[in-house]
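Everything below concerns the one structure shown next.
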Amino acid sequence: MSTAPIGFAAPYAHWAEILILGIPSFLGPAMVPGHMITFWSWIALRQIEAIETHSGYDFPWTPTKYIPFYGGPDYHDYHHYVGGQSQSNFASVFTYCDYLYGTDKGYRYQKKVLQQLREGVKGNGAMHEVSAESQKED
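In the UniProt record's numbering, the protein residues as written are 1 to 138.
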C-alpha cells in the first residue's frame with residue numbers, strides 16, 4: 001500500500017472517513033442555508049483544498065497559508081507517512097490538537113532534521129551528520 005498521497009486521489013476514501021469528514025462540510029450550509037452558488041462554491045473550494053493537500057506541493061501563493069493552524073501538504077504527507085505506525089500526527093491538516101497533546105513531535109523532529117540537512121548542503125555542498133544531541137531541544 002502506498003502512503004504518498006496524490007492530488008486526484010483525494011476524493012477517494014473509506015466510507016467512514018467520507019461520513020466523518022463529509023458531515024462538517026455539509027453541516028454549515030445545512031444549518032445556515034444560502035444561495036446555491038454559495039453552496040457550490042464552498043463544495044468546489046473544499047475539493048480544491050483536498051486536492052492541494054494531497055498534491056505534495058507546497059505552493060507559495062496558496063490562500064491556505066493564511067489559515068491559522070493549517071499544516072498544508074507537508075504536514076499532510078507526514079500524516080500519511082506515519083499512518084498507523086506510531087501514536088503521532090493524528091490531524092490531517094489542522095495542527096493545533098497535535099501541538100497541544102504533543103503528538104506532533106515526530107513531525108517537528110523530521111522537519112528540523114531536513115532543515116539542518118538543507119542548510120548543510122547550502123553551506124559548503126556537503127551533507128553534515130545530524131546528531132541526536134542537537135535534537136534534544138524538543
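All C-beta atoms, glycine included, are put in the ideal place defined by N, C-alpha and C.
Note that the structure is predicted; figures quoted are calculated from it, not measured.
Per DSSP, Pro73 is one residue of the alpha helix (DSSP H) stretching across 72 to 82. Counting of Cβ neighbours within 10 angstroms places Thr95 among the buried residues, the total reaching 16 or more. Residue Tyr12 holds the alpha-carbon nearest to the alpha-carbon of Ile51 among Tyr12, Ser25, Glu17.
Phe26 is not bridged by DSSP to any residue. DSSP places Phe39 within a helical segment (H, G or I) once states are collapsed to three.
Per DSSP, the beta-bridge partners of Phe94 are Tyr70.
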